[in-house]
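J.:
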Amino acid sequence: MGGVFLEIWEKETLRAAQKNGADFVVFFFTPMCGSCQIASRLVDVVLEADGIHPDVAKVDLNYVPDIAQHLEITSVPALVKFKSGQPVDLSYKLHDATTIYEFLYSE
């Protein structure tokens, strides 16, 4: 079976999801960030293990500096949870699958 691979969103896709009032999670990364690559794999593992997963997308922080500033993202990797298009939670704790799972599935 193929794995779960997160879709990479452009700025316009992220803005549209916010405008539409969607519930989703964004994994912010930069391509040269080693810990981002590890965290990305952990997010994939959590989503693949679950089967019923929230909408999670990747966004390259290099292309959305204005959004990063607005969300007050100070480092990568970072997960930001959106409810009804609004940011409601932010986590930099992406070092293990349990922590990521708890972030993704907490209310």
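So the sequence shown is residues 1 to 107, counted in full-length UniProt numbering. Ideal Cβ positions, reconstructed from N, Cα and C, are used throughout, including at glycine.
(1) Whole angstroms is fine: what's the gap from V64's alpha carbon to K11's?
(2) Relative to the alpha-carbon of L104, which residue among R15, M32 and D55 has its alpha-carbon at the smallest distance?
(3) Please classify G3 as buried or exposed, where buried requires at least 16 other C-beta atoms within 10 Å of its C-beta.
(4) Mapping the DSSP letters down to three states, classify E107 as helix, strand or coil.
(5) Can you tell me whether DSSP reads D89 as helix, strand or coil?
(6) Assuming L94 contacts L79 (C-beta within less than 8 Å), just tell me the rounded distance between them.
(7) Can you tell me which residues form a DSSP beta bridge with E102?
(8) Which same chain residues, not among the five before or five after T99, have their C-beta less than 8 Å away from its C-beta?
(9) Assign I73 to one of two classes, buried (16 or more other C-beta atoms within 10 Å of its C-beta) or exposed (fewer than that).
T.: According to the structure data:
(1) One-based indexing of the sequence shown puts residue 64 at position 64. One-based indexing of the sequence shown puts residue 11 at position 11. Going from the Cα of V64 to the Cα of K11 covers about 6 Å.
(2) Stepping through the sequence shown from its first residue, residue 104 is reached at position 104. Measuring from the Cα of L104, the nearest candidate turns out to be D55.
(3) The sequence position of residue 3 within the sequence shown is 3, counting from 1. Low confidence applies here, because G3 scores a pLDDT of 46, under 50, leaving its location unreliable; read the following figure in that light. Exposed, by the Cβ-count rule.
(4) Stepping through the sequence shown from its first residue, residue 107 is reached at position 107. In this structure, E107 counts as coil in the three-state DSSP scheme.
(5) The residue you call residue 89 lines up with position 89 of the sequence shown. Here D89 sits in strand by DSSP.
(6) Indexing the sequence shown from 1 puts residue 94 at position 94. Indexing the sequence shown from 1 puts residue 79 at position 79. About 7 Å separates the two Cβ atoms, so the contact holds.
(7) Here residue 102 refers to the residue found at position 102 of the sequence shown. Answer by DSSP bridge pairing: none, since E102 is not bridged.
(8) Against the sequence shown, residue 99 aligns to sequence position 99. Around T99: S91 and K93.
(9) Counting from one through the sequence shown, the residue named residue 73 turns up at place 73. Flag for I73 reads buried.
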